[in-house]
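Using UniProt numbering, the first residue of the sequence shown is number 1, and each one after it goes up by one.
A short worksheet on the structure shown next.
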Amino acid sequence: MHSGNQAQTEVQRLRDQMAQMQASTVEQIAQLKAKASSLKEEAAAREADSQQYMHSGNQAQTEVQRLRDQMAQMQASTVEQIAQLKAKASSLKEEAAAREAE
Numbered sequence: 001m002h003s004g005n006q007a008q009t010e011v012q013r014l015r016d017q018m019a020q021m022q023a024s025t026v027e028q029i030a031q032l033k034a035k036a037s038s039l040k041e042e043a044a045a046r047e048a049d050s051q052q053y054m055h056s057g058n059q060a061q062t063e064v065q066r067l068r069d070q071m072a073q074m075q076a077s078t079v080e081q082i083a084q085l086k087a088k089a090s091s092l093k094e095e096a097a098a099r100e101a102e
């Protein structure tokens, strides 16, 4: 009977050890699930930030292009106005020279 008691004691010890291992495993799984969930949320937040940054970058590029186009139009307009003023000045010089010749 003594060896029977030893066997039962050993069986109980192993059952307790298995129960502890199972509880530990369940706890580790819960921690890993929580960490995975946290990492998913972090990744989603980073992706949202990245998309916002890209959106902001696209808006900035669009604004830069708009300003460049506006500057090109202003430059073309200025060149045209200068050409018109030069033509008018030349015309006025010719008129003045014609008056002096009279």
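Glycine is no exception: its CB is placed at the ideal position from the N, C-alpha and C atoms.
Keep in mind the model is a prediction, meaning the values are calculated, not measured.
Only residues of its own chain outside the window of five on either side were considered, and among them none has a CB closer than 6 Å to the CB of Leu39. For Glu63, the three-state secondary structure derived from DSSP is helix. Excluding the 5 residues flanking it on each side, Ser37 has no same chain C-beta neighbour closer than 7 Å. Judged by DSSP in its simplified three-state form, Glu102 adopts coil rather than helix or strand. Taking C-alpha positions only, Met74 is separated from Gln61 by approximately 20 Å.
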